[in-house]
Amino acid sequence: MLDEFMTQDEAMSALLASVFSGAIGSLKGKGVGYALIEATPTTFSYLSYYLKQLTEAIFAATGHHLTSSTRFTDGALSISYRVTVQERSDVVYVLQPRHHGSVASMDAFMTLILSKVNSQVLPVPPAYPIPGEKKRQEATGMGRKITRLILGVIASSVYPRLTHEERLIFVRKMALAFQACWRIQLPEDYLIGELIAATTDGRVVLKIGPDRHCSLSSPFRSIREYLRAYIRSPFLALEKQQGVEDYKERFLERIKDFVENRMRNIPAIVEDVPIVAMHADMGLHNVIFVSSAPYASLHRIIETLFRKLVPNGFGLEYSHAEELREAFWNAIPEWERWNRSEAARVFLDWYRFGLFTKPEWRPRDLSEDEKQQFWCENIRVVEGILKKYS
Numbered sequence: 537m538l539d540e541f542m543t544q545d546e547a548m549s550a551l552l553a554s555v556f557s558g559a560i561g562s563l564k565g566k567g568v569g570y571a572l573i574e575a576t577p578t579t580f581s582y583l584s585y586y587l588k589q590l591t592e593a594i595f596a597a598t599g600h601h602l603t604s605s606t607r608f609t610d611g612a613l614s615i616s617y618r619v620t621v622q623e624r625s626d627v628v629y630v631l632q633p634r635h636h637g638s639v640a641s642m643d644a645f646m647t648l649i650l651s652k653v654n655s656q657v658l659p660v661p662p663a664y665p666i667p668g669e670k671k672r673q674e675a676t677g678m679g680r681k682i683t684r685l686i687l688g689v690i691a692s693s694v695y696p697r698l699t700h701e702e703r704l705i706f707v708r709k710m711a712l713a714f715q716a717c718w719r720i721q722l723p724e725d726y727l728i729g730e731l732i733a734a735t736t737d738g739r740v741v742l743k744i745g746p747d748r749h750c751s752l753s754s755p756f757r758s759i760r761e762y763l764r765a766y767i768r769s770p771f772l773a774l775e776k777q778q779g780v781e782d783y784k785e786r787f788l789e790r791i792k793d794f795v796e797n798r799m800r801n802i803p804a805i806v807e808d809v810p811i812v813a814m815h816a817d818m819g820l821h822n823v824i825f826v827s828s829a830p831y832a833s834l835h836r837i838i839e840t841l842f843r844k845l846v847p848n849g850f851g852l853e854y855s856h857a858e859e860l861r862e863a864f865w866n867a868i869p870e871w872e873r874w875n876r877s878e879a880a881r882v883f884l885d886w887y888r889f890g891l892f893t894k895p896e897w898r899p900r901d902l903s904e905d906e907k908q909q910f911w912c913e914n915i916r917v918v919e920g921i922l923k924k925y926s
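Under our numbering, residues 537 to 926 are what the sequence shown spells out, in order.
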């Protein structure tokens, strides 16, 4: 038994030492990639991946011959490699080994967006499907996604430094991008879950399967059913969570009673909220198309346009934040009306309860004032819903 926990760097070194020892097979002719999947106060979970025959994958998808490949960036759910080829010096590809989500579905979605949506409103890089990749991912658990590299700067690194006038321009463009996604035609049976795309006879067909992004399982036929599952999920995680004893001592039993006995009281008016094709991660750092859900469930992502980023909950608002909100919603008046509706307001009451039920781990070296502030949004939202609906 270790006397103390490893640091993240020490855990990564231990993982690579094990892999390079040959304990899980020969590394001859291979490289090793890795990415941090999850970190908790007591564990680190890594994805380790053999970089074997990148040349074959690039050639199968593009017909081009690989010249070089370098590790590009690590995301939460994938590793990225920057690839150059012999035939096109002006083209750079990005190859991502992905353990999460169906690569074939992602490729089909990107094809759909490129064909149906104005690229000036919702720009999407070209995708290059690898023949047979769907069966390969089903067999191995690891998919490979290839797209064109789009040069530029990640918005999250620039947005906090923009002037107010620049932010106004940016949020209007973001609003139009959200609206373009929300207008995608869903299957006639409007279930709530993961949108799955497949190409059949040259046509992209959508269906709705179990929600995996939030691990909520079966497609839901009502918004109230969806909200109950959405709230129950962080509650179950809170029961198991360590390192937040002060919070659990104050709220766990009250939340448990509410989840078990009060969620049948979700008002029927929430069923009026439109169900749309949704960017599940269209924050300033990323764009991924993966699900169908009530449009208002993007509340947290949209709010990042108006608030500073903090480790737990919503940060302080930017100066003139109300002008930014007005610019966003006024750019899409059809949705601005929905956003002012009683249905959306009630939905957000319950959705935010699920959002803030489980707090982030609080560092131990904070001052007393910092400790009080760290969970203040969790406490405000949870106390509010418990008082209002109990």
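Don't be surprised by glycine CBs; every beta carbon is placed ideally from N, CA and C. Predicted model only: the values in this text are computed from it and were never measured.
- The way I'd put it, the segment 896-910 does touch the segment 840-849; three or more beta-carbon pairs between them come closer than 8 Å.
- Within the same chain, Cβ atoms closer than 7 Å to the Cβ of Thr620 are found at Thr603, Ser604 and Val628, the five residues on either side in sequence being excluded.
- Straight through space, the alpha carbons of Trp886 and Leu788 are spaced by roughly 17 Å.
- Per DSSP, Tyr783 is not a residue of any beta strand (DSSP E); the alpha helix (DSSP H) it occupies stretches across Glu781 to Asn797.
- For Gly890, the enclosing alpha helix (DSSP H) starts and ends at Glu878 to Thr893.
- The beta carbons of Phe889 and Ile921 sit closer together than 8 Å.
- The way I'd put it, the segment 638-655 doesn't touch the segment 696-710; fewer than three beta-carbon pairs between them come closer than 8 Å.
- Leaving aside the five residues that flank Tyr762 on each side, the residues in its chain whose CB is nearer than 8 Å to its CB run, in chain order, Ile728, Leu752, Phe756, Ala829 and Pro830.
- Counted as a single uninterrupted DSSP element, the beta strand (DSSP E) harbouring Pro633 occupies residues Val628 to Arg634.
- 8 Å or more divides the Cβ of Leu712 from the Cβ of Ala857.
- Between Leu687 and the set Val660, Ile744 and Gly599, the nearest pair of CA atoms involves Val660.
- Annotation: the continuous alpha helix (DSSP H) that includes Arg861 extends over Ala857 to Asn866.
- Each of Arg618, Gln632, His636 and Ile682 was checked against the Cα of Thr647, and the nearest Cα belongs to Ile682.
- Boundaries of the beta strand (DSSP E) harbouring Ala733: Gly729 to Thr736, taken from the DSSP string.
- Inside the segment 650-693, DSSP marks whole alpha helix (DSSP H) runs of 4 or more residues at positions 669-676, from first to last along the chain.
- Counted as a single uninterrupted DSSP element, the alpha helix (DSSP H) harbouring Ser769 occupies residues Ile759 to Lys776.
- If you ignore the 5 residues before and after Pro746, its C-beta comes within less than 8 Å of the C-beta of Gly729, Glu730, Leu752, Ser753, Ser754 and Pro755, all in its own chain and listed in chain order.
- Contact check for Val806 against Val918 fails: the beta carbons are separated by 8 Å or more.
- Around the beta carbon of Gly679, 16 or more other beta carbons lie within 10 angstroms, which makes this residue buried.
- The beta carbon of Arg684 is closer than 6 Å to those of Pro661 and Pro662 in its chain, skipping five residues each way along the sequence.
- Residue nearest to Gly851 within the set Ser641, Cys912 and Val812 is Cys912 (criterion: CA-CA distance).
- In the three-state reduction of the DSSP assignment, Thr591 falls in the helix class.
- Within the model, the alpha-carbon separation for Gln909 versus Ala675 is close to 47 Å.
- When secondary structure is reduced to three states using DSSP, Asp643 falls in the helix class.
- In the structure shown, the three-state DSSP call for Thr609 is strand.
- Excluding sequence positions up to five before and after Val657, its CB lies within less than 7 Å of the CB of Leu712, Ala713 and Ala716, all in the same chain and listed in chain order.
- Assigned with DSSP and collapsed to three states, Gly920 falls in helix.
- Under DSSP, no beta-bridge partner is assigned to Tyr831.
- Approximately 26 Å separates the beta-carbon atoms of Asp808 and Ala863; this is outside 8 Å, ruling out the contact.
- Within its own chain, the residues whose Cβ lies closer than 7 Å to the Cβ of Ile666, once the five positions on either side in sequence are excluded, are Ala593, Ala596, Ala597, Arg680 and Ile682, listed in chain order.
- Spatial neighbours of Val812 in its own chain (CB-CB distance under 6 Å, excluding positions within 5 residues in sequence) are listed in chain order as Trp718 and Tyr831.
- With contacts defined as CB atoms closer than 8 Å, Arg768 and Val795 qualify as a contacting pair.
- Remark: C-beta atoms of Arg843 and Tyr854 approach each other more closely than 8 Å.
- Assigned with DSSP and collapsed to three states, Val707 falls in helix.
- By the C-beta density criterion, Thr893 is buried, having at least 16 other C-beta atoms within 10 angstroms.
- By the neighbour-count criterion, in which a residue is buried when 16 or more other Cβ atoms sit within 10 angstroms of its Cβ, Asn914 is buried.
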